[in-house]
Structures are given as C-alpha cells and as structure tokens.
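Q: I am attaching a structure below and will ask some questions about it afterwards.
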Amino acid sequence: MALHIIVGGFFGDEGKGHIAGFLALRYRPWGIVRTGATNAGHTVVYGGVKWKLRAVPSGFISRGARLFIARGALVSLRVVLGEIEALGVGGRFWIDEATGIVTEEHVERERSDSYLMATIGSTGTGIGAAMVDRVMRRLRLAREFPELKPFITDTQSKLLDAVESNYTVHVEASQGYWLSLYHGTYPFVTSRDTTAAAALSEIGLGPRHVDRITVVFKAYVTRVGGGPLPGEMGFDEAVKAGWVEYGTVTGRPRRVAPFNFELARRAVMANSATDVALTKIDKLFPSASCVREWSKLPGEAKKWVESVEDRLGVAVSLIGTGEDVECTVDRSRELGLEP
Numbered sequence: 031m032a033l034h035i036i037v038g039g040f041f042g043d044e045g046k047g048h049i050a051g052f053l054a055l056r057y058r059p060w061g062i063v064r065t066g067a068t069n070a071g072h073t074v075v076y077g078g079v080k081w082k083l084r085a086v087p088s089g090f091i092s093r094g095a096r097l098f099i100a101r102g103a104l105v106s107l108r109v110v111l112g113e114i115e116a117l118g119v120g121g122r123f124w125i126d127e128a129t130g131i132v133t134e135e136h137v138e139r140e141r142s143d144s145y146l147m148a149t150i151g152s153t154g155t156g157i158g159a160a161m162v163d164r165v166m167r168r169l170r171l172a173r174e175f176p177e178l179k180p181f182i183t184d185t186q187s188k189l190l191d192a193v194e195s196n197y198t199v200h201v202e203a204s205q206g207y208w209l210s211l212y213h214g215t216y217p218f219v220t221s222r223d224t225t226a227a228a229a230l231s232e233i234g235l236g237p238r239h240v241d242r243i244t245v246v247f248k249a250y251v252t253r254v255g256g257g258p259l260p261g262e263m264g265f266d267e268a269v270k271a272g273w274v275e276y277g278t279v280t281g282r283p284r285r286v287a288p289f290n291f292e293l294a295r296r297a298v299m300a301n302s303a304t305d306v307a308l309t310k311i312d313k314l315f316p317s318a319s320c321v322r323e324w325s326k327l328p329g330e331a332k333k334w335v336e337s338v339e340d341r342l343g344v345a346v347s348l349i350g351t352g353e354d355v356e357c358t359v360d361r362s363r364e365l366g367l368e369p
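Dropping the structure here:
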C-alpha cells in the first residue's frame with residue numbers, strides 16, 4: 031500500500047475526475063489529496079449527479095475517504111469554502127497550513143494583463159499572480175485565514191504516517207503534461223509544473239512511497255486557450271465527430287484534435303507511467319457506451335486500445351466508456367496493479 035498518482039497526459043480535460051472518482055469508489059483509499067490549483071476543474075458524474083470541482087478531490091464520492099489539499103497547492107478561499115459546504119465534507123476535509131490562498135486582488139491583476147488573457151488564454155482565476163507572490167514571499171497562507179481554522183492540518187505528516195502504516199493514498203493531480211511550465215508548449219502553459227514528480231513535491235513525499243502512476247488520456251485531444259495543437263480540427267468537423275466540449279472553469283469551447291501518439295509517448299515517458307487510463311472511448315465507438323467488462327467491448331474498440339498499448343509501450347488499465355464513473359472497464363487485477 032502506498033501512493034497512487036493520477037496525472038493528465040495531454041492539455042488537461044482528459045477525464046482525471048472520472049478516473050479518480052472511479053478508483054476511489056472501487057478501491058476505497060484511506061485518503062485522497064488534491065494538488066495543483068483552482069484554475070483547473072474536474073468533473074465527476076455518479077448516480078445521475080454531476081459535480082464540477084476545483085478544490086475538493088473528485089474521490090469525495092467514496093464516503094470513507096479523508097480529503098486533503100496539498101501544501102504546495104493554490105486555492106481560492108471562496109471556491110474551497112463553497113465546495114466544502116455544498117458537498118457536506120467538512121468532517122473529513124483538511125487543508126495544509128501552508129497552502130497558498132488566491133485572493134480577488136490576484137484575479138484582478140491577472141485579468142488586467144492583456145498578454146496573459148488575450149495571447150496565452152489564461153483562465154483569469156488569479157493563479158499566475160498568486161504564484162508570483164509565492165515566489166516573492168508575499169503570498170498569504172491558509173493558516174492566516176480564520177475561516178479555514180477548522181480544516182487546518184499538517185498534510186505532509188498525515189500522509190506520511192498513512193503510507194508508512196500501509197494505507198493507500200490517491201494523489202489527484204491537475205491539468206496535463208503539455209501545460210507544464212517546464213515541459214509543456216511554453217509560453218502557452220500554466221504557472222506550475224504538472225508532472226507526477228511535481229505532484230509529489232507539492233504534497234511533500236518522496237518517490238520511494240509511489241506504487242502506481244496512472245497517466246490519463248482522452249480518446250481525442252482537447253485544449254483551451256492559445257498554443258499549438260497538432261492536427262487541430264475545425265469547429266464543424268468537431269461537431270460532426272461529437273467531440274465539442276466546453277471548459278469546466280471558463281466555459282470556453284475546447285479546441286479539438288484526434289488522439290496524438292507522439293504527445294502521449296512523451297507524457298508516458300516523463301511521468302514514468304506504470305499504466306494508462308483512456309476516457310470517452312464511447313465517443314469513438316458508440317457501441318461501447320457504458321460497457322464495464324473488457325470481454326464485452328466491441329472488437330474495434332479492443333483493437334484500438336491494444337494499438338494504444340503497442341504504440342505507447344504501457345498497459346491500458348482503465349477505460350472510460352461513458353459519463354458516469356461506473357461506466358468504466360477496470361483491467362487492474364489482470365495487470366497486477368490492484369492495491
């Protein structure tokens with residue numbers, strides 16, 4: 031039992047919320063920790079209800095799981111308090127005392143920057159400005175806000191105690207590899223690193239504790255904002271394919287392209303993936319809709335998954351076949367990846 035990291039392999043919006051939610055329900059981890067910042071939204075659909083989350087981990091649907099926000103994360107006070115109340119998770123939610131807090135002043139600074147907003151396509155949620163303040167040692171931390179006092183803890187120590195006591199902890203990263211400040215399509219990137227290694231750094235634990243790294247890819251590529259997107263399709267073509275989507279946080283239409291093996295191979299390599307999850311395969315193969323067993327997937331869908339495995343050199347453990355988290359094929363056991 032140790033850390034299981036769930037990380038994005040494209041430009042975000044790969045379906046990490048779906049995969050994190052499914053894994054939490056199936057394997058009932060001791061805890062789940064969210065890294066990143068509240069400029070990234072994760073969508074979870076379970077039991078006919080859809081949640082769009084920017085702070086609370088998607089695995090909250092596993093009612094016994096303890097929920098954490100990492101020390102290195104950046105969160106909006108308004109967003110985190112709103113989600114705690116809306117989801118009713120106050121009794122099992124903790125935020126690290128040194129988590130950075132994004133204020134309205136950060137939002138205003140970011141939105142007044144025409145380069146960030148118009149050229150880069152920033153979400154305008156203040157994360158970049160807050161990161162600047164953190165680097166300049168001016169950022170206010172969670173421990174400074176009385177509203178957060180009931181939830182303050184030392185997440186690093188709690189998570190270390192858990193994994194050393196043989197409990198499983200899921201690490202829910204945000205965005206995707208190609209938005210990394212260091213490894214992505216600079217300057218069209220986010221304000222932080224987005225790799226599995228960065229997620230570890232944010233929670234404050236080392237690689238010795240990692241048992242599994244699942245890199246999530248959607249069956250096609252989407253991107254919000256500026257920057258290159260190889261093979262980008264026109265809007266009409268995307269509509270015809272049924273691939274039109276809108277950003278969870280911004281509501282902006284996502285740019286669309288077919289699955290890109292070159293981008294995926296790089297993400298697998300850089301994240302030291304033990305396995306891959308694929309989502310929205312039903313958008314490629316409608317007859318696969320909400321199939322939950324590998325043996326029942328249509329042959330053409332199986333062939334496509336096998337081609338992904340062959341070309342990426344890593345096993346596909348999870349296959350999302352519909353919107354609800356229960357619409358998932360789980361091959362973890364046969365691949366020897368179950369905790």
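Residue numbering for the sequence shown follows my numbering, starting at 31 and increasing by one per position. Where is the CB? At the ideal position from N, CA and C, for every residue including glycine. Note that the coordinates shown come from a computational prediction; the quantities given were computed from them, not determined experimentally.
Beta strand (DSSP E) containing F265: first to last residue?
A: Counting from one through the sequence shown, the residue named residue 265 turns up at place 235. From DSSP, F265 is part of no beta strand (DSSP E) but of the alpha helix (DSSP H) over 265-271.
Q: Which residues mark the beginning and the end of the beta strand (DSSP E) in which F98 is found?
A: Along the sequence shown, read from residue 1 onward, the residue named residue 98 stands at position 68. Start and end: 96-99.
Q: From V105 to E140, what distance separates their C-alpha atoms?
A: For the purposes of this step, residue 105 is identified with residue 75 of the sequence shown, where counting begins at 1. For the purposes of this step, residue 140 is identified with residue 110 of the sequence shown, where counting begins at 1. Rounded to the nearest angstrom, the two C-alpha atoms are 15 Å apart.
Q: My guess is that Y207 and A300 are in contact by the Cβ rule of under 8 Å, so how many angstroms apart are they, rounded?
A: Locating residue 207 in the sequence shown gives position 177, where the first residue counts as 1. Locating residue 300 in the sequence shown gives position 270, where the first residue counts as 1. Right, the Cβ-Cβ distance comes to about 6 Å (below 8 Å), so this counts as a contact.
Q: Using the Cβ count rule (16 or more neighbours within 10 Å means buried), how would you classify A148?
A: By 1-based counting over the sequence shown, the position of residue 148 is 118. The residue is exposed, with fewer than 16 neighbouring Cβ atoms inside 10 Å.
Q: Which word fits V165, buried or exposed, when buried means at least 16 other C-beta atoms lie within 10 angstroms of its C-beta?
A: Along the sequence shown, read from residue 1 onward, the residue named residue 165 stands at position 135. With fewer than 16 other Cβ atoms within 10 Å, it is exposed.
Q: Which residues in the same chain have their Cβ closer than 7 Å to the Cβ of A331, if we skip the five residues on either side of it in sequence?
A: Stepping through the sequence shown from its first residue, residue 331 is reached at position 301. Sequence-distant partners of A331 (beyond 5 residues in either direction) whose C-beta falls short of 7 Å from its own C-beta, in its chain, are I311, F315, A318.
Q: Using alpha carbons as the reference points, say which of K80, T73, I62, A116 lies closest to R96.
A: The residue labelled residue 96 in the question sits at position 66 within the sequence shown. Cα-wise, what sits closest to R96 is I62.
Q: Does the segment 179-195 come within contact of the segment 124-132, defined as at least 3 CB pairs closer than 8 Å?
A: yes
Q: Where does W60 sit, in a helix, a strand or coil, going by DSSP?
A: For the purposes of this step, residue 60 is identified with residue 30 of the sequence shown, where counting begins at 1. Of the three classes helix, strand and coil, the one that applies to W60 here is coil, per DSSP.
Q: Just checking, does the segment 46-60 make contact with the segment 211-219 on the three C-beta pairs under 8 Å criterion?
A: no
Q: Take R101 as the anchor and find which of K46, S231, G118 has the nearest alpha-carbon.
A: Indexing the sequence shown from 1 puts residue 101 at position 71. Selected option, being the one with the closest Cα: S231.
Q: Of all the options N69, A32, L33, which has the alpha carbon lying nearest to the alpha carbon of T224?
A: Walking along the sequence shown from the start, residue 224 turns up at place 194. Per the C-alpha coordinates, the member of N69, A32, L33 positioned closest to T224 is N69.
Q: In or out: D354 buried (at least 16 other Cβ within 10 Å) or exposed?
A: Residue 354 sits at position 324 when you count from the first residue of the sequence shown. That one is buried.
Q: Does the segment 173-180 come close enough to the segment 264-271 to have 3 or more Cβ pairs within less than 8 Å?
A: no
Q: Could you compute how far the alpha carbon of P59 sits from the alpha carbon of M161?
A: Against the sequence shown, residue 59 aligns to sequence position 29. Against the sequence shown, residue 161 aligns to sequence position 131. When rounded, the distance between both Cα atoms is 31 Å.
Q: Report, in whole angstroms, the separation of the C-beta atoms of G158 and L171, which I expect to be a contact under 8 Å.
A: Position 128 of the sequence shown, counting from 1, holds the residue named residue 158. Position 141 of the sequence shown, counting from 1, holds the residue named residue 171. Contact doesn't hold; Cβ gap of about 18 Å is too wide.
Q: Leaving out five residues on either side along the sequence, give the residues of the same chain with a beta carbon under 6 Å from the beta carbon of S195.
A: Taking the first residue of the sequence shown as 1, we reach residue 195 at position 165. If we look at S195 and ignore the five residues flanking it on each side, it has no Cβ neighbours.
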